[in-house]
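As you go down the protein sequences, you meet chains L and G in turn.
The opening residue of the first sequence carries number 0 in numbering that gives the first Met the number 0; numbering runs sequentially from there.
The opening residue of the second sequence carries number 0 in numbering that gives the first Met the number 0; numbering runs sequentially from there.
There are 2 protein chains.
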Amino acid sequence: MIREPRLVEVRRNVLKHNDVLAHELRDRFKEAGVFVVSLVSSPGSGKTMLLERTLTLLSGNYRVAALVGDLATANDAARLARSKVPVRQITTGTTCHLEAQMVTGALDGWNLSELDFLFIENVGNLVCPASYDLGEALRLVILSVTEGEDKPLKYPTIFNSADVAVITKIDLADACEFSWEAAQANIQSVRPGMEILRVSAKRGDGMDEYIAFLAARLRDAK
Amino acid sequence: MIREPRLVEVRRNVLKHNDVLAHELRDRFKEAGVFVVSLVSSPGSGKTMLLERTLTLLSGNYRVAALVGDLATANDAARLARSKVPVRQITTGTTCHLEAQMVTGALDGWNLSELDFLFIENVGNLVCPASYDLGEALRLVILSVTEGEDKPLKYPTIFNSADVAVITKIDLADACEFSWEAAQANIQSVRPGMEILRVSAKRGDGMDEYIAFLAARLRDAK
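As structure tokens, then:
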């Protein structure tokens with residue numbers, strides 16, 4: 000039987016190691032001039048469809064690439080490959096989140112200075128990815144209208160670890176009786192002042208504003 | 000910097016400890032004659048609404064109670080209390096899954112022999128809960144039509160750890176262009192022969208069959 004403190008100690012060491020690697024990644028991204036955006040959310044929130052549209056829309060004007068994390072399949076990389084930009088899959092096995100060293104490994108052989116944007120799609124999980132810095136400049140937390148307005152209250156840490164909230168599948172908002180007021184109030188209560196974007200990657204609502212937001216963040220970072 | 004093998008070793012010990020406690024729980028449930036059903040799913044799959052309807056529908060003919068796991072809030076327990084059956088919240092803090100010892104702790108003071116059904120709602124997470132036996136007799140994995148048909152392929156372990164799949168929010172199937180054939184094929188490919196139920200807790204579709212299924216499982220266990 001193991002005593003709890005030892006597990007906590009080991010976890011703290013893993014996180015510390017991750018923070019060192021994430022710091023190195025952040026320096027490397029900055030030096031190469033690539034703006035790195037990560038996406039976190041629960042499974043099925045529409046991350047991959049949003050990312051596919053994002054890559055397609057940005058690739059007309061910017062040099063973009065993506066890393067995509069998944070437990071078991073390369074389905075997402077296959078879907079994202081339709082956007083015609085470089086995409087690599089990180090298969091995590093039974094690990095429920097991406098870690099900085101997985102990102103470092105997946106970048107092997109890529110010349111980052113040839114990119115404007117690099118997107119990193121985390122494993123679908125609203126808990127564990129919150130604790131792992133990946134060296135990104137911007138972390139988007141994705142919340143679909145079908146999940147309900149209470150998710151920020153139930154998973155506050157992931158909302159706190161993110162910079163901006165993106166509400167997806169807004170074409171289904173009426174069918175789900177989604178309350179914008181409740182969602183906004185819940186997000187603001189766990190993360191006061193958090194910027195919130197609304198999109199339907201399927202129908203196109205809000206995508207122009209979302210792409211303009213990313214482009215502005217890239218300009219600000221230069 | 001920690002070496003990977005030590006972490007793995009610690010995790011194995013934690014699981015072994017959990018298995019011992021889960022075994023004790025299972026013996027205790029059997030002796031008391033209570034049929035224990037756990038629910039696992041991603042956040043926002045409709046677990047809590049399904050459970051609220053389940054408790055209400057079963058409570059006319061059976062003695063039922065529920066434990067509900069969440070990171071941060073007691074929202075779910077408050078929702079489930081509307082069903083007028085005994086409900087206790089397990090707040091896990093930053094732990095992304097329930098463990099057997101949390102269940103043992105939450106049962107303190109309850110006379111299990113006065114119950115027919117005990118439901119345990121896990122934290123919303125398609126990864127980590129797969130590894131933790133809670134002593135339940137039946138584990139339901141919940142998949143909402145809004146999450147997409149590919150979830151079984153992307154999170155195979157949780158489907159393998161469960162006994163039966165319940166597809167929820169079927170009132171939204173058309174709006175989401177959900178493919179029953181693809182969902183069934185994906186479930187069967189990771190878990191051949193798995194029984195699949197379909198419900199809309201909101202509109203009532205499939206709820207009679209679902210309640211009859213639970214009642215039959217209780218009878219079989221007696």
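Positions of the beta carbon are idealized from the N, C-alpha and C atoms, including for glycine.
None of these values were measured; they are calculated from a predicted model.
Query                                                                                                                                                                               : Result
Please compile the residues from chain L whose C-beta is within a distance smaller than 8 Å of the C-beta of G:L152.                                                                : A71, T72, N74
Could you name the residues of the same chain whose beta carbon sits closer than 8 Å to that of L:P42, not counting the 5 residues immediately before and after it, in chain order? : G123, N124
What residue does the beta strand (DSSP E) around L:E120 start on, and which one ends it?                                                                                           : 116-120
Touch check for the segment 179-191 of chain G and the segment 146-153 of chain G: three-plus C-beta pairs under 8 Å?                                                               : yes
With a Cβ-Cβ cutoff of 7 Å, do L:L139 and L:L38 count as a contact?                                                                                                                 : yes
With L:S112 and L:A31 assumed to form a contact (beta carbons below 8 Å), what rounded beta-carbon distance in angstroms separates them?                                            : 4 Å
Residues of chain G with a CB under 7 Å from the CB of L:L174: which are they?                                                                                                      : The question names Leu, yet the displayed sequence has Ala at residue 174 of chain L. Near L:A174 (Cβ distances below 7 Å), the residues of chain G are L171, A174.
May I ask you to verify whether the segment 78-85 of chain L touches the segment 44-63 of chain L, counting CB pairs closer than 8 Å and requiring at least 3?                      : yes
Please list, in chain order, the residues of the segment 37-49 of chain G that have any C-beta partner in chain L closer than 7 Å.                                                  : S41, P42, G43
Does the contact criterion of 3 or more C-beta pairs under 8 Å hold for the segment 126-142 of chain G versus the segment 95-108 of chain G?                                        : yes
For the alpha helix (DSSP H) that contains L:E180, what are its first and last residues?                                                                                            : 179-189
Can you name, in chain order, every residue of its own chain whose Cβ lies under 7 Å from the Cβ of L:R78, other than the five neighbours on each side?                             : T47, E51
Indicate whether at least one CB of chain L lies closer than 7 Å to the CB of G:D204.                                                                                               : no
Where does L:T90 fall in DSSP's three states?                                                                                                                                       : strand
Nearest-angstrom Cα distance between G:D198 and L:G205?                                                                                                                             : What sits at residue 198 of chain G in the sequence shown is Val, not Asp. Roughly 32 Å separates the two Cα atoms.
Alpha helix (DSSP H) containing G:E51: first to last residue?                                                                                                                       : 46-57
When you compare only the Cα positions, how much space is there between G:G104 and G:A174?                                                                                          : 42 Å
Alpha carbon to alpha carbon, how far is L:D170 from L:E23? Give it in angstroms, no decimals.                                                                                      : 40 Å
Should G:D115 be flagged as near chain L, meaning a C-beta pair shorter than 7 Å?                                                                                                   : no
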